[in-house]
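Chains as they are written, first to last, in the UniProt record's numbering: chain A, 1 to 310; chain B, 1 to 316.
Glycine residues also receive a C-beta, built at the ideal position from the N, C-alpha and C atoms.
Nothing here was measured: the structure is a model prediction, and the numbers come from that model.
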Amino acid sequence: MTLTATRTRWLQDNGVYVAVGVLLLFNALFTANFLTLGNFTTQLVQAAPVLIVALGMALVIGTEGVDLSVGAVMALAAAVIPLYLGAGPLPAILMALVAGLAVGAFNGFLVARVGIQPIVATLALLVGGRGLALVIANGQLVQLHDPAFLALGTDDVLGIPISVLIAGLLALMVAALTNRTTFGRQLVAIGGNRRAATLAGLPVTGVLVGVYTICGVLAAISGVLATSRLAASDPADMGLLMELSAITAVVVGGTPLTGGKVRVLGTVMGVVLMQLVRATLIKHDLPDSIAQMIQAAIIIAAVYVARERR
Amino acid sequence: MTTLTAATRTKVLQRQGAAVALILMVTVSWLVFPRFGSLDNLRDLALQGSFLAVIALGMTFVIITGGIDLSVGSLYALGGVLAAWGSQYGFLAALTLPLAVCGAIGLINGLLIARTNMAPFIVTLASLLFARGLLLAITDEGATTYQIAPDSAFVELGRGTVFGFGYPIFIAAALCALGGVVLNRTNFGQNVFATGGAEQSAVLMGVPVARTKIGVYTASGTLAGLAGALTAAYLQSGVTVIGVGTELDAISVVVIGGTLLTGGMGTVLGTVIGVGLIKVIQNVINQIGTLDSNYQSVVSGVFLLIVVVLQRMLRR
Numbered sequence: 001m002t003l004t005a006t007r008t009r010w011l012q013d014n015g016v017y018v019a020v021g022v023l024l025l026f027n028a029l030f031t032a033n034f035l036t037l038g039n040f041t042t043q044l045v046q047a048a049p050v051l052i053v054a055l056g057m058a059l060v061i062g063t064e065g066v067d068l069s070v071g072a073v074m075a076l077a078a079a080v081i082p083l084y085l086g087a088g089p090l091p092a093i094l095m096a097l098v099a100g101l102a103v104g105a106f107n108g109f110l111v112a113r114v115g116i117q118p119i120v121a122t123l124a125l126l127v128g129g130r131g132l133a134l135v136i137a138n139g140q141l142v143q144l145h146d147p148a149f150l151a152l153g154t155d156d157v158l159g160i161p162i163s164v165l166i167a168g169l170l171a172l173m174v175a176a177l178t179n180r181t182t183f184g185r186q187l188v189a190i191g192g193n194r195r196a197a198t199l200a201g202l203p204v205t206g207v208l209v210g211v212y213t214i215c216g217v218l219a220a221i222s223g224v225l226a227t228s229r230l231a232a233s234d235p236a237d238m239g240l241l242m243e244l245s246a247i248t249a250v251v252v253g254g255t256p257l258t259g260g261k262v263r264v265l266g267t268v269m270g271v272v273l274m275q276l277v278r279a280t281l282i283k284h285d286l287p288d289s290i291a292q293m294i295q296a297a298i299i300i301a302a303v304y305v306a307r308e309r310r
Numbered sequence: 001m002t003t004l005t006a007a008t009r010t011k012v013l014q015r016q017g018a019a020v021a022l023i024l025m026v027t028v029s030w031l032v033f034p035r036f037g038s039l040d041n042l043r044d045l046a047l048q049g050s051f052l053a054v055i056a057l058g059m060t061f062v063i064i065t066g067g068i069d070l071s072v073g074s075l076y077a078l079g080g081v082l083a084a085w086g087s088q089y090g091f092l093a094a095l096t097l098p099l100a101v102c103g104a105i106g107l108i109n110g111l112l113i114a115r116t117n118m119a120p121f122i123v124t125l126a127s128l129l130f131a132r133g134l135l136l137a138i139t140d141e142g143a144t145t146y147q148i149a150p151d152s153a154f155v156e157l158g159r160g161t162v163f164g165f166g167y168p169i170f171i172a173a174a175l176c177a178l179g180g181v182v183l184n185r186t187n188f189g190q191n192v193f194a195t196g197g198a199e200q201s202a203v204l205m206g207v208p209v210a211r212t213k214i215g216v217y218t219a220s221g222t223l224a225g226l227a228g229a230l231t232a233a234y235l236q237s238g239v240t241v242i243g244v245g246t247e248l249d250a251i252s253v254v255v256i257g258g259t260l261l262t263g264g265m266g267t268v269l270g271t272v273i274g275v276g277l278i279k280v281i282q283n284v285i286n287q288i289g290t291l292d293s294n295y296q297s298v299v300s301g302v303f304l305l306i307v308v309v310l311q312r313m314l315r316r
């Protein structure tokens, strides 16, 4: 391997960490009040819902799939909560997770059993899912007052907000799932070469249904946390365009869209990077327009570096 | 021989499934809702469909090459804003500015996809963000809505009518007819099918795959810009908030029309029928009146699902 090839390879694998490091350094030097505990907490709280969705998305993309329905699942979770909150926060959260589980399992069924392309199968749920959420909620925003449920969005444990704690725990669980279990190995094998995986006797259908179900449940968890932080159920706006944020974070984190590889730490760093970019632009008073164009450039740059050569 | 006829029958069903569904929907709506068949309603229906048809036409070409273009919703909005802004400098500026800018962004999409081997999904996702950012930049972060002088020739383009049918309907119909001819009767069309059917083989056979891809993404961007310009002319202003999710509507109607997302197969007529179906569904839900308008997306989603499941079943 030549030196340039080695260098490219290294950049492909570690580009996202370098970018996060550079941004942190830049902000430490040039942004007022950046190195404060309060600021870091705010950034992490804002990033937590995206991270939870991106973890599921990383698994799906690892199987050479994609899940466009995650934003709609968050909306469904948000719509379900006020219906059951009267019975207490636990049943409400459980029902929201069941909704995510049902949508995820249905996606998995469509992809694995019926054989529909992931992008179309989940597109149908994207279109229909938010509509269903709005129908359930009568198109209304509902203020939530249950103190126990709202505590989920406001309280912290030893200074760490609950949502950040949950996101961190889930990241560890997903990392363990991909790197330490048979399921994780099978998932990557299916993404690498589905036909070979089938011929090798791997339970392709089961694994795919499992992966989409996990993705649906994670999206629902994210929807529950975001709803609790908002102190309102807002199915019209909850998780809007979340599928694009999540896919961006996963891809920027070095998981290829072609499947066969899942980088959990990369995904976490991808989410952190996009959050840092947004925070940096806001703190330096750059308008939303410039912020969006810079994000577009970052996506192209990241994918250009990571692209597979012919 | 029997297997051949069975295969042919399947193919016909797959191709004509959307047409059959459209005819059924129209017939039932005509009988159930007295207002559905009124000339006013049909004119309105055709006009609403014409903007989406222009966008979906470009998407059809892109999808047949095996690609996807997520940027069209943003380009649609950007095109409208540019047209409204340009209209102060006359008709020509109002029309050419959106076509040029949106076409250029489409060209960049095509160049990146064809020359660097990056996934269309990601490249066009980035330009979705970029175009939305550009739109915000030229409208003071969305605070300014450019108006078009009501007596200008450009407004006529969107609001003028022949026998009550709006100009956009004829523009969309002419473009779709042209698109059908290009797809089926020209070398470029053949290259589009070859690129999507088997890219490797197409390259080996000397098909100019890169040039074909650049062509379809440029066309898709330009058409989205045109749809935006027509919408702005119709609304007499460059509305900044339109077009969110329009790319998904366009993909849905193309898929419903029988074009395979895997590429290599599809028709413009199918896409037009797909547009008709979605618009008739929306129209009927509006006619029912008592039904929550949110049911529209539920029904559209369910419909999309039924179509792709049927397509899949028939292909076996």
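For the alpha helix (DSSP H) containing residue i, list its first residue and its last residue.
i      : result
K283/A : V264 to K283
N286/B : V268 to I288
L248/B : T246 to I256
I169/B : Y167 to R185
Q295/A : D288 to A306
T258/A : Unbroken run through T258/A: none, as it is neither H nor E.
T144/B : From DSSP, T144/B is part of no alpha helix (DSSP H); its letter is neither H nor E.
S50/B  : L39 to I64
Y76/B  : V72 to G86
I105/B : F91 to T116
L134/A : P118 to I136
R132/B : P120 to I138
Please state if the CB of residue j and the CB of residue i are separated by a distance shorter than 8 Å.
i      : j      : result
T259/B : T271/B : yes
F188/B : V182/B : yes
G133/B : T240/B : no
A189/A : L202/A : yes
L132/A : L76/A  : yes
S228/A : G159/A : no
V211/A : G71/A  : no
T122/A : V66/A  : yes
G270/A : V16/A  : yes
I256/B : L223/B : no
L45/B  : V280/B : yes
V73/A  : G100/A : yes
G196/B : G66/B  : yes
K213/B : I55/B  : no
A227/B : A94/B  : no
G62/A  : V262/A : yes
A250/B : V72/B  : yes
Q186/A : V164/A : no
P82/A  : S233/A : yes
Hey, residue i and residue j are a contact pair by Cβ (cut 8 Å); roughly how many whole angstroms apart?
i             : j      : result
G238/B        : A83/B  : 6 Å
V62/B         : L78/B  : V62/B to L78/B, Cβ: 18 Å. No contact.
S252/B        : S220/B : Actually they are not in contact, since the Cβ atoms of S252/B and S220/B sit about 16 Å apart, beyond 8 Å.
L68/A         : L126/A : 5 Å
A167/A        : L51/A  : 5 Å
F91/B         : F33/B  : Actually they do not touch by this definition, with Cβ atoms about 39 Å apart.
V53/A         : A246/A : 4 Å
residue 319/B : R130/A : Since the first residue of chain B shown is 1 and the last is 316, residue 319/B is not available in this structure.
G192/A        : G260/A : 3 Å
L97/A         : F149/A : Not really, about 14 Å apart at Cβ, beyond 8 Å.
For residue i, which beta-bridge partners are listed by DSSP?
i      : result
I160/A : V157/A
V142/A : S233/A
V162/B : F165/B
If we require 4 or more residues per run, which alpha helix (DSSP H) segments fall completely within the stretch 193–245 of chain A? 194–199 and 204–230
Alpha helix (DSSP H) segments (min. 4 residues) lying fully within the stretch 31–116 of chain A: 37–62, 70–84 and 89–109
In chain order, what are the residue ranges of uninterrupted alpha helix (DSSP H) at least 4 long that sit wholly in the stretch 184–253 of chain B? 187–197, 199–204 and 209–235
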